[in-house]
Amino acid sequence: MIIDLRSDTVTKPTSGMLQAMMAATVGDDVYGEDTTVNALEQQLANDFGMEAGLFCPTGTMTNQIAIRVHTRPATEVICADNAHIFKYEGGGIAANAGAQARLVASTYGKISASQIAEVINAEDVHFARTALVCLENTSNRGGGSIYSLAELNEIANLCKQHKLPLHLDGARIYNALAEGDYTSKHLGNIFNSISVCLSKGLGAPVGSVLLGSKEIIHEAKRMRKLMGGGMRQAGYLAAAGIYALKHNVAGLKHDHQHAKQVADVLCNNNLVVSMMPVVTNIIIFKLKDANTADALQQQLKQQHILANKVSTTELRFVFHLDVTPTMVNKLCSAIEAFKG
Ligand SMILES: *Cc1c(COP(=O)(O)O)cnc(C)c1O
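Residue numbers for the sequence shown follow my numbering, so the first one is 3 and each next one is one higher.
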């Protein structure tokens, strides 16, 4: 039994999901004829109260398409210093959109309206034009933190004042919805585009959907083709997404409970010196020093428990639907037994 806490991307389709995939009716999605893809796009668009959706292979692609659609070359994208779009998308803001990132020092991955206001450039030939604000909810590198409705509304109002579009990297948006004080419809109102991942905690093997207005999605479809992301009988993959939305959203709460249970045990180990607030399914914690972090990673691995290091002294556990209560108990015992 391997307990894989490296990411919530490691989930494998269940037999129920595989059956739903095999039973899908499909067509050529580049011609718009895949009824299952169309159904998934429409379902998510309706759920968030947005006009249209676009099924893509990855969340990187949905984010990068959104950035490209909202910006022009030589403009600026405001985001957190540890945002996925900046840190983990291969330099795509520059390569795909010809834009640059304007980084804001985040608190657990979150940035505030006042911080954003400070970095919106005035009209001046020296400055890149500010073109877009991107938020991440939950924040991956911020330890799964979530925005509150008040924080989001404040940022949305600022963006409206400055006529700036607001994009949401919602790779784990259902984790945020499980804990946040808002609904998907609130988010559809606040953001101009939203990227939703189906292949994280929701357990689908592949797939993300970009949501937005008809105009944005029309442009996005061009960009998806240009990037090589126009797929043909993609309904087999979209069926997994529809299945995931029906069966795997409620279980996210269990992942969050598992994270809290393990966080409590970590707090009692005096080799753990700090931990980001545990709000959803991610725990990022700091060990006494780099050797201790290596030792914990190695000792867990000997017990078939896999975890990623996110810096020399920090480890990350990510909980997901393939992590059972039994596995959580085994992890807790392993942490209790860890003496360096
Ligand atoms: C995983 C992730 C993505 C998308 O990743 P893909 O592997 O390209 O699907 C985007 N944003 C965040 C915050 C993520 O964690």
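Cβ atoms here follow ideal geometry from the backbone N, Cα and C, with glycine treated the same way.
Can you have a look at residue i and say buried or exposed, based on whether 16 or more other CB atoms are within 10 angstroms of its CB?
i, result
"Ile87", "buried"
"Asn98", "buried"
"Cys269", "exposed"
"Asp36", "buried"
"His258", "buried"
"Ser150", "exposed"
"Val39", "buried"
"Gly34", "exposed"
"Val127", "exposed"
"His322", "buried"
"Ser224", "Ser is not the amino acid found at residue 224; the sequence shown has Arg there. Exposed is the call here."
"Arg104", "buried"
"Ile69", "buried"
"His220", "exposed"
"Val135", "buried"
"Asp183", "exposed"
"Gly209", "buried"
"Thr13", "buried"
"Lys202", "buried"
"Glu138", "buried"
"Glu78", "buried"
"Asn177", "buried"
"Thr73", "buried"
"His260", "buried"
"Val274", "buried"
"Gly100", "exposed"
"Ile4", "exposed"
Can you name, in chain order, every residue of its own chain whose Cβ lies under 7 Å from the Cβ of residue i, other than the five neighbours on each side?
i, result
"Tyr110", "Ser141, Gly144, Gly145, Ser147, Met278, Pro279"
"Ala297", "Gly342"
"Asn250", "Leu204, Gly205, Leu323"
"Leu42", "Phe57, Val211, Ala240, Gly243, Ile244"
"Ala236", "Asp31, Asp36, Val39, Phe57"
"Leu46", "Gly55, Val198, Val211, Leu213"
"Ser108", "Ala82, Asp83, Asn84, Gly144"
"Val330", "His260, Gln263, Val264"
"Thr60", "Ser210"
I'd like the list of long-range same chain contacts for residue i, defined as Cβ closer than 8 Å, with 5 residues on each side in sequence excluded.
i, result
"Ser116", "none"
"Glu338", "Val267, Asn270, Asn271"
"Ala344", "Nothing can be reported for residue 344: it is not among the residues displayed for the chain, which extend from 3 to 342."
"Ala119", "Leu160"
Please return the same chain residues whose Cβ sits closer than 6 Å to the Cβ of residue i, not counting the five positions on each side in sequence.
i, result
"Asn194", "Pro167, Leu168"
"Ala222", "Leu56, Ile67, Val71, Leu212"
"Asn65", "Ile87, Asp171, Ser197"
"Ile420", "One cannot answer for residue 420 here, as it falls past the ends of the chain, which runs 3 to 342."
"Arg318", "Ile286, Asn310, Val312"
"Lys187", "Gly51"
"Ser9", "Val320"
"Asn123", "Phe129, Thr132"
* Counting Cβ pairs, one atom from each stretch, are 3 or more of them under 8 Å apart for the segment 85-92 and the segment 37-52? -> no
* Considering only residues of the segment 132-167, which uninterrupted alpha helix (DSSP H) runs meet the minimum length of 4 residues and lie entirely inside it, listed in chain order? -> 151-163
* Asked: Can you find at least 3 beta carbon pairs, one from the segment 283-298 and one from the segment 214-233, that sit closer than 8 Å?
  -> no
* Asked: Should the segment 287-302 be called in touch with the segment 152-162, which here means at least 3 C-beta pairs below 8 Å?
  -> no
* Just list the beta strand (DSSP E) runs in the segment 282-332, keeping only unbroken ones of 3 residues or longer that don't cross its boundaries, in chain order. => 284-289, 316-320
* Inside the segment 182-269 only - beta strand (DSSP E) runs reaching at least 3 residues -> 195-199, 210-214
* Touch check for the segment 183-191 and the segment 258-267: three-plus C-beta pairs under 8 Å? -> no
* To do: Would you list, in sequence order, the uninterrupted beta strand (DSSP E) runs of no fewer than 3 residues that lie entirely inside the segment 76-132?
  => 77-82, 102-106
* Which ranges would you report for the alpha helix (DSSP H) in the segment 25-86 if only whole runs of at least 4 residues count? -> 37-50, 61-72
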